[in-house]
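Heads up, the thing below is written out as C-alpha cells.
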Ligand SMILES: C[S@@+](CC[C@H](N)C(=O)[O-])C[C@H]1O[C@@H](n2cnc3c(N)ncnc32)[C@H](O)[C@@H]1O
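In the numbering used here, the protein residues as written are 453 to 854.
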C-alpha cells in the first residue's frame, strides 16, 4: 500500500523516523513523505507524523461512488500542492460535495481557513471515519486520511503520570516514540534499554508499543519515579490514556498502543501488560542483564538553562556531558551484540549568533565500535530537535553496534 505522511513540525526528524521503519520513503515537497508498507498502519505508532493517508488508486469519481450510501457524509479537503489556497481547496471540496449530492448523499463540508486543514481540525471532526472523510490533494494525486495525531492523548500520557520532575527536563512522549522508532521495527517483546531512564518517558512509550522496558539511572530517586510510572501504566486502561478517541485501530501490533479505541476495548483491558525492570546504576560502568535488543535514550543534558551559556560554562558542560556519553558508549559496546541499534539524544547549546554548538563526538563514537546511520533524505545536521530559541537542544545520534 502507498502511504502519505504529513510530517510534524520538525519534518526532517519525522522523515528519519519513517526511513527507519518503512521502505522507499520519499520526501514530497517540504512537509510530506510517501512510502510503502505491506501491513495496515496505525498513526499512533508514529511520533513524528501528524496525518497518515493512503493513496486513492482509482479515479476520484469511482472512489466517491464507493463511499457508504447511507447517512450523512462529512468532507474536508487539504491541498498540499504548490500554490494551493484556501479558496481553491474549498472549491475542490464543494465540487466533491456536488458529485456526492448527485449520488444521493447528504454532505457537510468542513470549511477551509487555509489550503490545508490543521490536524486539530481534522482530529476534532474525526475526519478518519467511514463517513467523515479528509481528502489530501497533492498535484493530481488524491489520498484519503486514515489517522490524525491525537495531541490530547500525548498530553494525557505525559501529565497523568504520577511521578514527574521538571528538573530532569521533560522529554515529550512524541520524541520518546521517535527515539524508539529510530531503532527500526523490532519484533514484539524486544527488550529495550534506557540507561538514563529518569522518570521513564522512553520506557513508558516502549511498553505501549509492545516492547519490554528495561531502565537504569544513576539516581535512585529517578529509578523510583520510573518504577512508579510503569506500575501506573499497568493499571490504566487505553481509554484513560486516549481522551476523545472513538475509532478502533487495525489489529496490528500498533493497535495495542495506548489509544486503542475506547469503543472496542473491554473495560478491564490494560494499556500495557509488559513486564519491566529498573535498577540503579551509572551508565559508564554498569553491567546490564541480557538480552538487550535495542537502546534508546535521552542522555544527560547538563544543567537546565534559560540563556545561552558563557564560553567558559559551555566548555565545562561540553566536557561533562561528552565524557558521560563516551563513557556510556564504551561501557555498552562490550555488552551488546553486533547490529544492535543504539539511539541517543545528546545536548547542543544555543549560541548568541542563533546557531547550536554540538558535542561533535561522531569520530570518537565510531572508534568505540559503532556505525553511524546514514539516511537517504537527510544528514546528521538535520537531527537537531528544539523549539524556537530553546537554549539546550537535543541532537539525535543513530548508531548500530559494528
Ligand atoms: C535528561 S534526563 C533523562 C530524562 C528521561 N528521558 C525522562 O523521561 O525523565 C538524564 C538522566 O540521566 C541521569 N544520569 C546522569 N548521569 C548519569 C550516568 N552517569 N549514568 C546513568 N544515569 C545518569 C540523570 O539522573 C537523569 O535522570
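Each residue gets a CB set at the ideal place from its N, CA and C atoms; glycine is no exception.
Beyond the five residues adjoining it in sequence on each side, residue 672 comes within less than 7 Å, by CB distance, of 732 in the same chain, given in chain order.
Put simply, the backbone Cα of residue 831 is about 17 Å away from that of residue 459.
Secondary structure in the stretch 615-702: the beta strand (DSSP E) runs of 3 residues or longer, each lying completely within the stretch, are 643-646, 664-669 in chain order.
Shown here, residue 531 sits in a strand according to DSSP, grouped into three states. An exposed status is given to residue 539, since fewer than 16 other beta-carbon atoms sit within 10 Å of its beta-carbon. Residue nearest to residue 498 within the set 637, 813, 746 is 637 (criterion: CA-CA distance). Secondary structure of residue 854 (DSSP, three-state): coil. Taking the CA atoms as reference points, residue 817 sits about 10 Å from residue 849.
Residue 654 has its CB nearer than 7 Å to a heavy atom of ligand 1. Using a 10 angstroms sphere on the CB of residue 631, the tally of other CB atoms reaches 16 or more, which defines it as buried. Annotation: residue 463 to residue 482 spans about 8 Å, alpha carbon to alpha carbon. Less than 8 Å separates the beta-carbon of residue 585 from that of residue 525. Look at the stretch 733-796 and you find these whole runs of alpha helix (DSSP H), each 4 residues long or longer: 763-785. Distance from residue 665 to residue 655 at the Cβ level is roughly 4 Å; contact confirmed, criterion being Cβ atoms closer than 8 Å. Cβ-Cβ separation between residue 668 and residue 738: approximately 6 Å, consistent with a contact (criterion under 8 Å). When distances are taken from the beta-carbon of residue 674 to the heavy atoms of ligand 1, the shortest one is below 7 Å. In the three-state scheme derived from DSSP, where H, G and I count as helix and E and B as strand, residue 526 is classed as strand.
In this structure, residue 741 has its CB at a distance of at least 7 Å from all heavy atoms of ligand 1. Counting C-beta pairs with one atom in each stretch, the stretch 492-507 and the stretch 531-538 have fewer than three that are closer than 8 Å, which means they do not touch. The DSSP-derived three-state label of residue 577 is coil.
Of the candidates 772, 677, 751, the residue whose Cα lies closest to the Cα of residue 730 is 677. Set against 7 Å, the gap from the CB of residue 816 to the closest heavy atom of ligand 1 is not smaller. In this structure, residue 811 sits near residue 773, with a CB-CB distance shorter than 8 Å. A straight line joining the alpha-carbon of residue 770 with that of residue 682 spans about 32 Å. At the C-beta level, residue 623 and residue 600 stay beyond 8 Å of one another.
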